[in-house]
Amino acid sequence: MDPSDIDLAVDLGRQALWVAVKVAFAPLVIGLVVGVVISIFQAATQVQEQTLTFIPKMAAVVLTLFLLMPWLLGVLTDYTEEILRLWTEWR
């Protein structure tokens, strides 16, 4: 194993982490924002119902994933194509 193989492995790991951040960022932020808004509403009205927090957050995350699915699939497909291209060049 030469140094270029190690550099390639490190670069692929870095790209994998970046892809994971890009794919997870939007749903996590939407869930966070919806959760904070609902928590403020619950604190203001003193309504302490667990389903009031879970269902809107879940709906917002599912809607976000549904709306961003073409972009998410594009990011994952590009990364997969890059891995396969590098693998065929390496062999």
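Numbered per the working numbering, the sequence shown spans residues 104 to 194.
Backbone N, C-alpha and C define an ideal beta-carbon position, used for all residues, glycine too.
Taking a C-beta distance under 7 Å as the contact criterion, Ala163 and Val137 qualify as a contact pair. Glu184 carries a helical assignment under DSSP once its states are collapsed to helix, strand and coil. In terms of CA proximity to Gln118, Thr180 leads the group Glu192, Thr180, Thr191. Bounds of any alpha helix (DSSP H) do not take in Asp105, whose DSSP letter is neither H nor E. Of the other Cβ atoms in all chains shown, fewer than 16 fall within 10 Å of the Cβ of Ile143; this residue is therefore exposed. Just so you know, the alpha carbons of Met161 and Phe169 end up roughly 12 Å apart.
DSSP, reduced to helix, strand and coil, places Val139 within a helical segment of the structure shown. Residue nearest to Leu176 within the set Ile158, Asp108, Ala123 is Ala123 (criterion: CA-CA distance). Of the residues assessed, Ile186 falls on the exposed side of the cut-off, its CB having fewer than 16 other CB atoms within 10 angstroms.
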